[in-house]
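Sequence lines, in order, name chains D and E.
Positions 5 to 522 (the working numbering) are the ones given, in order, by the first sequence.
Positions 1263 to 1878 (the working numbering) are the ones given, in order, by the second sequence.
Glycine included, every Cβ here is placed at the ideal spot set by N, Cα and C.
All values derive from a computational prediction rather than experimental measurement.
Notes to accompany the following structure.
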Amino acid sequence: MSEHLLSIVLFTPLAGMLVLLLLPGSNKNLIRIWANIAAAAGFLVSLPLVFRFDKNAEGFQMVERYDWIPALGVKYYLGIDGISLLLVMLTTLLGFLAILSSWSAIDRHLKAYYAMFLLQQTGMIGVFISLDFFLFYVFWEVVLVPMYFIIGVWGGPRKLYAAIKFFLYTLAGSVLMLLGILTLYFQHFEQHGFYTFEISELLKLDMPLALERWVFWAFFIGFAIKVPMFPFHTWLPDAHTEAPTAGSVILAAILLKMGTYGFLRFSLPLLPKASIDPWIVQVMAALSIVAIIYGALVSLMQDDWKRLVAFSSVSHLGFCTLGIFALNPNGIAGSVIQQINHGISTGMLFLIVGVAYERRHTRMISEYGGLAHVMPNFSFVFAFAMLSSAGLPLLNGFVGEFTILQGAFETNRAWAAFAVTGVILGAAYLLWLYQRTMLGQITNPKNLRLPDLNLREWAVFLPFMAWALWIGVYPKPYFEVLEKPVAQLVERVRPDYFAQHALAVQAPAPGAVEAGER
Amino acid sequence: MQHLWLIPALPLAGFLVNGIFGRRVSKGVINLVAIGSVALSFVWVLKTLAALGPLETPHVERYFTWIESGILSVPVEFAVDRLTAVMLLVVTGVGLLIHIYSIGYMGHEGGYHRFFAFMNLFMFFMLTLVLANNYLLMFVGWEGVGLSSYLLIGFYFLRKSATTAANKAFIVNRIGDFGFSLAMFLMVVRLGGLDFPRVFSAAQAMPRETDPGLLTLIALLLFVGATGKSAQIPLYVWLPDAMEGPTPVSALIHAATMVTAGVYMIARSAPLYQQAPIAMDVVAVVGLATAFVAATIGLTQFDIKKVFAYSTVSQLGYMMLAVGVGAYAGGIFHLVTHAFFKALLFLGAGSVIHALAGEQDLRKMGGLRRKIPVTFATLVCAGVAIAGIPPFSGFFSKDEILLAAHHHAPWLYWVGVLTAAMTAFYVFRAIFLAFFGDYQGEHHPHESPPSMLGPLVVLAAFSLAGGFLPVSRFLEPLFPAGEAHHDPALVVVSVIAGLLGLGLAWYLYVARRGLADRIAARLGALYQVVYNKYFVDELYNAAIVQPVVKGSEALLWRRMDAGVIDGAVNGIASRARAIGAVLRLMQSGNIRSYAAWVLMGSVVALIALGFSGGAR
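What follows is the structure, encoded as C-alpha cells:
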C-alpha cells in the first residue's frame, strides 16, 4: 500500500465520485453526507504524505513510475518534492472545506455538483504530482471541465458569459502550452533518440537560447493566463464573481496556483537559459509589479464585494510571480509560501462573501453596512481574514510577502520599492471594504435580522484561521520543506548563485553553504 | 532565563480570555482579567529588573527561529538593556494606571470587554516592540500596535468619523512602514542580518558617512517609518484624527507609548545613526519643524482633545530633535516625563469630558475648577510640567534637549524656545478656558469616581517630581558620550519663555476674556489658515487621494480593464464566432458525417506524426 500512497491520494476523490454517482439522486442529504465523507477521506489519506516526507532528501519522493502509452513514451509517473507537497495539502484540505461550505448554499443538481468537485480534486492533485509532461497536461485539461460546469450551471446571473470566457481563455493558453510541450518532446527525440515526456529526461535537453525563448513564451501564455498575470487577467473577475462560493474558493485557492506551479516545475528548470534571460526576467518582473499595483487599485474601486476580492487576487498573485522571477531562494520560497497563504486568505475572503450572499442574495457592497452589530462573530472572522490578507505580522500573509520582497530586493531594489506600494494599497482596499460592509450604523433594514455564523460555518473557518496562525507564528517547517527544491531550482537557473553568495555574505544560511560546496 | 516572554504573554492571555469569553462574563471578571494581566506583567518587569541588577550588559533570551530562508535568518529573541528597562517600566506602569482609569471611564459604554481585550492586545504588541532584539521582531510589534490603534480608534464603530480615522491611521502608518521595510531589506543584503548587535557592529565597522551612503540611506528609510508611527511631518495627519477613539486610548496609545515608538526605534538604532550624521540632521530638522508647526496649530483649536493631540505631535517633534542632535538619553528622558504629563493631560481631559457627558468643546466649558477640583488640580500639575516650569518634570527633560540643540546649532535652540513658549500658552489656554470664567454649558458637571481620580493623582505626582528620576544618567553609558554642556543663561531664557506663554494665556483668557477673539479676528486670513491646520488634509486629499481614486476608477478599471483588455478579448471572440459560423457547416448533426470527420482527423494526425519521425 505505502508505495502507492500518491496514487491513493490522487484517486480517492475520483473513487468517491464514482460511488456518488451510484447513490439515489432523490436523497439530497445522503449525497451531501457522502460527498463530505469522500472529501474528508481525500484529506485524511493525504496526511501521511506530511509524516512520510523527508525534508532532507534530494529530488522527488514517493515516486511511482509505470508505462502508460508506450507507443508515445508516456508514463504514469508521480512524485512530490516540497513544493508539490504543500500544494497537494492545500488542495486536499481546501477541497474538503469548500465542499463542506456548500451544504446549504447549493440545492440544485446536487449529485452533479459534488461529482464535479470531486473530479476536480483528482485533476488538481494530478497536476501537482505528475512528473510526466503528458500526464500533467491531461490533468491540466481535466481540471478545466468541472470548473466550466461549476460556473456555468451553479453560477450567478452572467454565468454563461463567465464560464465560456473562462473556458476559452484557458483553452487558448493550454493549446499554446501544448505546442511548447511538443517542441520539447520532438527536441528530445532529436537529441537523445527516443520519445519521452518525463521531466527528469527533458531536463537533459540542451537547446539554443532562441528556441528556449520560443518555448518559454508558449508556456508563458498557458501559465500566465492561469495565474493570471496582467494583462491576461480579465477572465478572472468574471469567473470569480459568477462562480458559486465554493467554486470561487477552489478557483482562487488552487486553480490559480497551477499557473505559478507551472512556472516553477517547467519553465524554470526546463528552460534555464530563457528564464535567466535579462529581457524575459525584466518583462516578467514588470508584469508582476503592474499586476500588484494595478490589481490593488482596481480592487479599491469595486462596488461588488466578490469582484473586489477577485481583483485582489490579481494583486496577490503578482507577488507570487515576482518572487519566482527574483530567481533567488527567498523569492521562490516566499512565492510558494505566498501561494499557500493566498489560498488561505483569499479562500476565507470568498467564503465570507458567500456567508453574506447566502443571507442576503446580493454582492453589492452598498447593500451592506453595520453587519458587525448583528453578526459579531462573522465580523471577527472577516477581520481576521482581512488582516491575514493584508499581511499583518504573526499571520500568514506577512511571512510570504516579506520573504518575496526581500528576494525581489536582492535582485533589484526598484522592484521591491514598487511592490511595497502594493502592501499599502492592500491595506487600503481591505480596510475600506470592511468599513463599508461591517462598520457604521445598519442603514438597510434587511440587514437587521441576519443570523450570525452557525456551527458548520465555524467548522469551515476554524481550520483556515488555525493554518493562518501557524504559518504566521511558526513558518519554519514550511521553509525547511522548501529548502531543497528551491535551492535546486536556483542552482539550475543560476549555477553560480550559491558560490557567489558564500563569498558575498559573511555567514550565509547553513543550507546555502551546503549547496555552495556541492 | 528570566522568562521575559511572560511580560508580553500575560496581556496576550488577557486579550484571548476577554476576547473569547468577555461577552459572557461580568464586568468584574473582565476587569480582573484585563487589569490583572497588566498588573502581573508590571510585577514581572519589576522582578526581572531586580534580578538583572544594574544591566551593564544586555540580557538576551532566545526562543526559536522564526524565519529561516536563503540569506534571511530571524530568531524570536528578546533582550533587556537599560533602554528597554526604561521603556518596559513606562509601558507597563503607565499602561496599568490607564487600565485602572478605564474602569470608571468606560463603565457606561457598550463593548466593555472588547475595549479591554484590545487594550491588552496593544500591551502585548507594545511590549514585543520594546523587547525585540532584531528589527523584524520589532516590526511585528510595530505593525501590531498599529493594528491595536486601528481597532481602538474605530472603537465607536457606529460613527463614520471614527472608522474613517481608524483607516487613515492604519494606511498612513503603512506608508511609513514602506520605509521601514526597505531599510530592513537593505540591512539583510548589505549588513548581513537584522539582529541589533550584528547590524550595529557592521555599521560601526564602516566609516562615518560625511557624504550620503548606505548607512545614511538605511537611517533615512528607518526615519520614514518613524515619521508614520511618531506622527512627524509629513505623516502626522493621522494622529489628530485618532482622537476619535475613547480618551484612555488617546492617553495610552496616542500620547504615552505607541507614538513614541519611533523615538525609541531611533534611540535603539543610535550606533547606526551616529555613523550617518546627515540622517541625524534630517531627523533633528524634521523634528523641530514638526514641533513648531504642531504647536502653532495647537494655539487655535477649541476641541480639548485636539489641543492635546497637536501638543503630542509637537512634543514628539521635541523628542526627535533630541535624538537628531545626538541627545538620545535626553530624548528618552523626555519620552518618560511626557508619558507622565501627557497621559495626565488626556486622562484629565477625559475626566472633564466624563463630567460634561461627552462635551469636548472648550467654548462650552468654563468655571469648572470649583465643580471638579481634583481634576483641575491634577491638570494644573500636568500643565506646569509640560510648560517647563522648574522644578517640575518637563523642565528637566526639555532643558536637556534644548541645551543639546544649542550645542549642535544655536538656531535649533531658539526655535525650540519659541515652541516652548507656545506650548505653555496653548496648554494653559485650554486649562483657563475650561476651568476659569463662567460655566458655558448646560450639563451638571460631577467629579469622576475614585478609580479615575486615583491614576490622575499618581500621574500628577510623577509629573511634578518625575524630573528627579535619574533616567538620563542611567541611560548615558548606553549611548555615544556627548559633551557636558551647561549654560545657566540658556536655561533661564527657556524658563522665561515658558512663563511668558503661561502669563500671556492668563492675560488673554482670564484677565481680559474676549481679547483673544478680537485678536483672532484681526489676524483674519492668517488665523483661518492656522485654525484649519494649514489645509494639509485638504491638500493631501486633492493631490494624492483623489487622483488615486478617480484614476483607478475611470482610467484603470473602466478604460483599461473593461475597455482595452476585455475589448480586445471580446473582439477576438467575435471574430472567432465568424469563423465558427463557417465551421458550423461541418456540424450537420449527422452522426455518420461526424464519424467521418473523426476518422479524417486521426489520419491527418497519424500522417503528421509519421512525417516528424514517427512514434516508436
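By the Cβ neighbour-count rule, glycine 1369 of chain E is exposed, with fewer than 16 other Cβ atoms within 10 Å of its own. In this model, phenylalanine 170 of chain D and leucine 291 of chain D are separated by some 21 Å (Cα to Cα). Taking each of D/Tyr501, D/Pro467, D/Ala503, D/Gln492 in turn and checking the Cα distance to methionine 93 of chain D, the smallest one comes out for D/Pro467. If you check the CB distance, valine 1342 of chain E and phenylalanine 1326 of chain E do not come in under 8 Å.
Inside the region 1296-1331 of chain E, DSSP marks whole beta strand (DSSP E) runs of 3 or more residues at positions 1321-1331, from first to last along the chain. Excluding sequence positions up to five before and after valine 146 of chain D, its CB lies within less than 6 Å of the CB of Gly127, all in the same chain and listed in chain order. Around the Cβ of glutamate 1800 of chain E, a 10 Å sphere holds fewer than 16 other Cβ atoms; the residue is exposed. Per DSSP, reduced to three states, the secondary structure at tyrosine 1418 of chain E is coil, with no helix or strand assignment. Counting only unbroken stretches of 4 or more residues, the alpha helix (DSSP H) elements lying wholly within the region 1715-1802 of chain E are 1733-1737, 1750-1768, 1777-1785, 1787-1793, 1798-1802, in sequence order.
For alanine 1341 of chain E, the three-state secondary structure derived from DSSP is strand. For the options D/Gln342, D/Val378, D/Arg363, the alpha carbon positioned closest to that of tryptophan 471 of chain D is the one of D/Gln342. Taking 8 Å as the cut-off, the beta carbon of isoleucine 1566 of chain E is found closer than this to the beta carbon of alanine 1696 of chain E.
Two segments are said to touch when three or more pairs of C-beta atoms, one from each, lie closer than 8 Å; by this definition the region 258-276 of chain D does not touch the region 1779-1786 of chain E.
The CB of glutamate 1800 of chain E never comes closer than 9 Å to any CB in chain D; the least such distance is about 19 Å. For serine 1492 of chain E, no Cβ of chain D is located within less than 8 Å of the residue's own Cβ. Close to aspartate 1823 of chain E, with beta-carbon spacing below 7 Å, are these residues of chain D in chain order: Thr238, Val302. Within the same chain, Pro232, Ala314, Ser317, Val318 come within 7 Å of leucine 240 of chain D by CB-CB distance, once the 5 residues on both sides are set aside. In the three-state scheme derived from DSSP, where H, G and I count as helix and E and B as strand, glutamine 65 of chain D is classed as strand.
About 4 Å separates the beta carbon of alanine 376 of chain D from that of serine 383 of chain D, a gap short enough to meet the 8 Å contact definition.
Of all residues in the region 1750-1774 of chain E, none comes within less than 8 Å of chain D when Cβ atoms are compared. At a Cβ-Cβ threshold of 8 Å, histidine 1516 of chain E and leucine 1497 of chain E do not count as neighbours. Close to chain D, meaning a Cβ-Cβ distance shorter than 9 Å, are the following residues of the region 1412-1431 of chain E: Tyr1412, Leu1413, Gly1416, Phe1419, Leu1420, Arg1421, Lys1422, Ala1424, Thr1425, Thr1426, Ala1428, Asn1429. Glycine 1549 of chain E sits away from phenylalanine 1603 of chain E, with the two beta carbons spaced by 8 Å or more. Looking only at E/Ala1591, E/Val1356, E/Ala1584, E/Ala1611, the smallest Cα-Cα distance to lysine 1568 of chain E is reached by E/Ala1611. For lysine 79 of chain D, the enclosing beta strand (DSSP E) starts and ends at 78-84. Contact check for alanine 491 of chain D against isoleucine 293 of chain D fails: the beta carbons are separated by 8 Å or more. In this structure the region 1627-1642 of chain E lies against the region 1704-1715 of chain E, because at least three pairs of beta carbons, one per stretch, are closer than 8 Å. Of all residues in the region 434-447 of chain D, only Leu435, Trp436, Gln439, Leu443, Gly444, Gln445 come within less than 7 Å of chain E when Cβ atoms are compared, listed by chain position.
Tyrosine 433 of chain D carries a helical assignment under DSSP once its states are collapsed to helix, strand and coil. Leaving aside the five residues that flank glycine 1628 of chain E on each side, the residues in its chain whose CB is nearer than 6 Å to its CB run, in chain order, Gly1699, Asp1700, Tyr1701, Gln1702.
For valine 1287 of chain E, the secondary structure class from DSSP, reduced to helix, strand or coil, is coil. Secondary structure of asparagine 1396 of chain E (DSSP, three-state): strand. Contiguous beta strand (DSSP E) elements confined to the region 202-244 of chain D do not occur, taking only those with 3 or more residues. Per the coordinates, the alpha-carbon of isoleucine 1834 of chain E lies some 15 Å from the alpha-carbon of alanine 1824 of chain E. About 19 Å separates the Cβ atoms of phenylalanine 1401 of chain E and proline 1273 of chain E, ruling out a contact at the 8 Å cut-off. Neighbours of tryptophan 1819 of chain E in chain D, taken as residues at a C-beta separation under 7 Å, are given in chain order as Val302, Met305.
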